[in-house]
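Trainee:
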Amino acid sequence: MAGFIWLLGLGTCAVAGIPLLQHSEFRRFGLLGRGLLAAAVGAVCLSWAMTLVALLGLRWHPVTLVALALLAGLCLRLILANRPVPLASPPIAERLGLTGLLGAALGTGIVVVAILATRAGQTMSPDLLYFWGPKAQRFAEVRTIDASFLRNPLLDYIPTDYPPLLTNLYAFATMVAGSFSWWAAAAVFPVLLAATGIAVAAILASEKSRTCVSPYAGLMTCALGVVGIQAMVAGVAEMPLLFFEMLAVSLLILAKPPTSGLLLLAGLCLAGAAGTKVEGLPFALAVSLLFAFVIHARGRRVHALAFLLIPTLITLGTWFLFGAKNGLFWFYRGYGSLLAVRWGDLPLVAAEILRSIGKVSYGLPFLLPLIIFILTPGKTRAAVLPIAVSIALIGFLLATYLSTRGDPRELIGWSSARVLSPVAGLFCLAASRRTSPVVLP
Amino acid sequence: LQPAFVIGASGILLALVSLRLPLTLDRGETPFEHGQLRSISPAYALLTKAAAELPDGASVVAVTEPRDPLAETNFFRAAVGLMPRQNVLPAARWGTPTPEYERQAEYVVVLGLPAVVPGADRLFQWDEGTLWRRRIR
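Residue numbers (the numbering used here), protein chains in the order written: chain A, 1159 to 1599; chain B, 18 to 154.
(1) For chain B, check one thing: does any of its Cβ atoms lie closer than 9 Å to the Cβ of residue 1182 (chain A)?
(2) Alpha carbon to alpha carbon, how far is residue 77 (chain B) from residue 130 (chain B)? Give it in angstroms, no decimals.
(3) Of all Cβ atoms in chain A, is any one closer than 9 Å to the Cβ of residue 55 (chain B)?
(4) Alpha helix (DSSP H) containing residue 1310 (chain A): first to last residue?
(5) Could you please give the first and the last residue of the uninterrupted beta strand (DSSP E) stretch that includes residue 127 (chain B)?
(6) Mind the definition here: the region 1257-1273 of chain A touches the region 1205-1219 of chain A only if three or more C-beta pairs lie below 8 Å; say whether that holds.
(7) Just the C-alpha distance for residue 1595 (chain A) and residue 1411 (chain A), rounded to the nearest angstrom, thanks.
(8) Beta-carbon within less than 6 Å of residue 1574 (chain A)'s beta-carbon, same chain only, minus the 5 sequence neighbours each way: which residues are those?
(9) Could you give the C-beta distance for residue 29 (chain B) and residue 1526 (chain A), rounded to a whole number, given that I count them as a contact under 8 Å?
(10) Just to confirm, is the Cβ distance from residue 1427 (chain A) to residue 1405 (chain A) under 9 Å?
(11) Suppose you measure from the CA of residue 1258 (chain A) to the CA of residue 1362 (chain A); what does that come to, to the nearest Å?
(12) Give the straight-line distance between the Cα atoms of residue 1509 (chain A) and residue 1401 (chain A), rounded to the nearest whole angstrom.
(13) Taking Cβ positions only, does residue 30 (chain B) come closer than 9 Å to chain A?
(14) For residue 35 (chain B) and chain A, any beta-carbon pair shorter than 9 Å?
(15) Excluding five sequence neighbours on each side, which residues of the same chain lie with their C-beta closer than 7 Å to the C-beta of residue 1433 (chain A)?
(16) Closer than 9 Å by beta-carbon distance: list the chain B residues that pair up with residue 1530 (chain A), in chain order.
(17) What would DSSP say about residue 138 (chain B), mapped onto helix, strand or coil?
(18) Run down chain B in chain order and give the residues with a C-beta less than 7 Å from the C-beta of residue 1571 (chain A).
(19) With a threshold of 9 Å between beta carbons, is residue 50 (chain B) in contact with chain A?
(20) Under 7 Å Cβ to Cβ from residue 1390 (chain A), same chain only, skipping five residues before and after it: list those, please.
(21) Between the C-alpha atoms of residue 31 (chain B) and residue 1385 (chain A), what's the straight-line distance to the nearest angstrom?
(22) Go ahead and pull the three-state DSSP assignment for residue 1562 (chain A).
(23) So that I know if they touch, is there some Cβ in chain B lying closer than 9 Å to that of residue 1341 (chain A)?
(24) Please classify residue 153 (chain B) as buried or exposed, where buried requires at least 16 neighbouring CB atoms within 10 angstroms.
(25) On the criterion of 16 or more Cβ atoms from any shown chain inside 10 Å, does residue 1599 (chain A) qualify as buried, or is it exposed?
(26) Does any residue of chain B have a CB that is nearer than 9 Å to the CB of residue 1595 (chain A)?
(27) What's the gap between the Cα of residue 95 (chain B) and the Cα of residue 1341 (chain A)?
(28) Please classify residue 117 (chain B) as buried or exposed, where buried requires at least 16 neighbouring CB atoms within 10 angstroms.
(29) Span of the alpha helix (DSSP H) holding residue 1258 (chain A)?
(30) If we count Cβ pairs, one from each stretch, closer than 8 Å, do we get three or more for the region 92-110 of chain B versus the region 67-84 of chain B?
(31) Could you tell me which chain A residues have their CB closer than 7 Å to the CB of residue 107 (chain B), listed as they occur along the chain?
(32) Need the endpoints of the beta strand (DSSP E) that residue 151 (chain B) sits in, please.
(33) Is DSSP giving residue 104 (chain B) helix, strand or coil here?
(34) Let's test the definition: count the other Cβ atoms within 10 Å of the Cβ of residue 1175 (chain A) and tell me whether it reaches 16, buried, or not, exposed.
(35) Rounded to whole angstroms, how far is the Cβ of residue 1547 (chain A) from the Cβ of residue 1346 (chain A), which I believe are closer than 8 Å?
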C-alpha cells in the first residue's frame, strides 16, 4: 500500500502540466496522450521548483512545491496565450485494424513481461540501491537537496553532479508517502515503459491512422523493454530518460511544420531528458541543433532553437547554480575529459560495444528496427532527425569511452547497452516516418 | 508487407526475452531475488531486518564473514541505502579496509554465518547473518 501511495505521489506531478496541455492545440493527442504529456511537463516543472527552492535555501513542502510547479505550468500556458492556433481536432475515433491490434497486443505483452520480471526481482539496478535511492531518502528527510550529504567524503562513490530530476521526484514521492519504497521505485520502469509506448502512439496518431502507427509504437516498446529488462534498469534513470527522449523526437517528426506550442512541448521534454541523466544534455543539444539547422525551415531557426533549448537552459542552469553556490560543481565533471580521446583504442572500444550489445538478445533490439528502417519504402524527410540524433549519440558515447582513463572494457560491459537504448527507439521512430496511404486530414 | 515485418520483429523480441527469463508470478523476497545480481539479495534482506531493530541515529558497521574488503565496500554502500536513519560507517572503501571507522561503530551487522565479533553481544540471528552490539569499553 505504501508503494502504491508512493507511485501516486509521483503521479501528482501531472497536475503542473495540465494548464499547458489544456491548450486547444494539443487536443489532437487525445485524452490519454495529453495526460501523459502533462505528466512529462509536470515532472520538469516540479523538479525545477524543487531545485529552485533548494537553491534559495528554503525547505521543501509538498503543497508549496506543487503550487510553485503549477505556477510554472501556468506561465508556460501564458507563453501560448496570444499565438495563433491551427485548427486542431481530437483524434478521429477509428477501429484498430488487425495490424494495429497486433502492435498494441505485443506492446502490452512486453509491459506485462516487464512487470512480472520487476516483481520477481530480476530487473532492479544496483545503482538504485547505491546512490539514486540514498540521495532521494536523504533529500526527503532533510526536505532539501542536502549539500553536506553530497559533500560527505565517505560517500564519494555517489555522483554529486548528476542532474536532479529523478532524485527530486523520488524525494517528493517519499515525502508524500512518508517513506521510500524500493519496490515502487523499481515499478517506475514498467510504468514508464507503458507510458512511453502509449504517448508515442498518441502523438504519431495525431497525423496518421492508429492502425498505421500502432505496430511501430509496439516495436519501439518491445525494443526498449527488452534492453531495459536485460540491462536491469528498473528504478534508475534510463527509463525516465527514454520517456522524455522518445516523446520529444515524436513531437518533432510530425510532418506539418511545428507550431510554437509543439516546439515548447518538445523543448520541455528535452529539458526533462537533460534533467534526468548526464547524456540527456548532448541528446537535447543534438535534437535542437539538428532540428533547427537541418530539418526546420530556414527563416525560423532562432525561434525554433529558443523554444527547444530555453527550458533546458533554465532547468539545468538552476541546478548548476545550486552546485556552484554550495561549492560542489560548476558543470558535469566527466565532460572535461571528452577532448582527450584516444583514437588508437577505437577498434577495442567498438568491438567491446558490439559484444556488449550482442549480449542483449543477440543485439536484435537494435538490429531489427535498423533493418526495418533500411527496408522501409517511401522514407520521408522526417526520418532524418531520429537517424542523425542516433549518429550523434553514438559519437558522444564513443568519445566518452575513448576518453575513459584506464581500461574502458568494464565500463562498456555494464553501461553500453542501456546507454545506447535510445538508438533502438529512434530507429523505430525513423521507420514509422514512411509515406502512408492512410493520412488523416 | 511492411506492417507484417514490424509485427514479426516485435514478436521475435517478445518471444526471446520471455524465453530467456525465468518468468514467475511469485514476488521476490527482495528486489534482487531472481536477477543476475541475486548475490545482493541476502545483504538486502539482512540489512532490512537489522535496520528495523536498530535505534535511530545508531552508529553501525556492516561486515562480511569471511572478511572481504571488496564485498564490504558494496555492503557499506547497500547499508547506506537501507539504513537511512542510522549512521553507517564503512568497514572498507574502494576495496581497502578502514579499521579507523569500523571500530567507532556501536553496532555490527555481519553477513554470513558463523560469526563472532570480539567484545560484542549478539542481539539477533537470521538466516543471512547476525546483529551485534559492542560492550561499552
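Idealized CB from N, CA, C, for every residue including glycine.
Mentor: Taking the geometry as given:
(1) no
(2) 19 Å
(3) yes
(4) Per DSSP, residue 1310 (chain A) belongs to no alpha helix (DSSP H) and is neither H nor E.
(5) 124-128
(6) no
(7) No answer about residue 1595 (chain A) holds up, because its pLDDT of 46 lies below 50 and its placement is not dependable.
(8) 1511, 1514
(9) 7 Å
(10) yes
(11) 13 Å
(12) 29 Å
(13) yes
(14) yes
(15) 1202, 1205, 1321, 1322, 1323, 1473, 1474
(16) 19, 22, 23, 26
(17) strand
(18) Correct list: empty, because the minimum Cβ distance to chain B is about 12 Å.
(19) yes
(20) 1281, 1282, 1283
(21) 11 Å
(22) coil
(23) yes
(24) exposed
(25) A caution first: residue 1599 (chain A) carries a pLDDT of 35, below 50, which makes its placement in the model unreliable, though a value can still be read off. The residue is exposed, with fewer than 16 neighbouring Cβ atoms inside 10 Å.
(26) With a pLDDT of 46 at residue 1595 (chain A), under the threshold of 50, the modelled position of this residue cannot be trusted; read the value that follows with caution. No, residue 1595 (chain A) does not count as interfacial toward chain B.
(27) 15 Å
(28) exposed
(29) 1256-1277
(30) yes
(31) 1312
(32) 146-151
(33) strand
(34) buried
(35) In fact, because the Cβ distance is near 24 Å, the residues do not count as touching under 8 Å.
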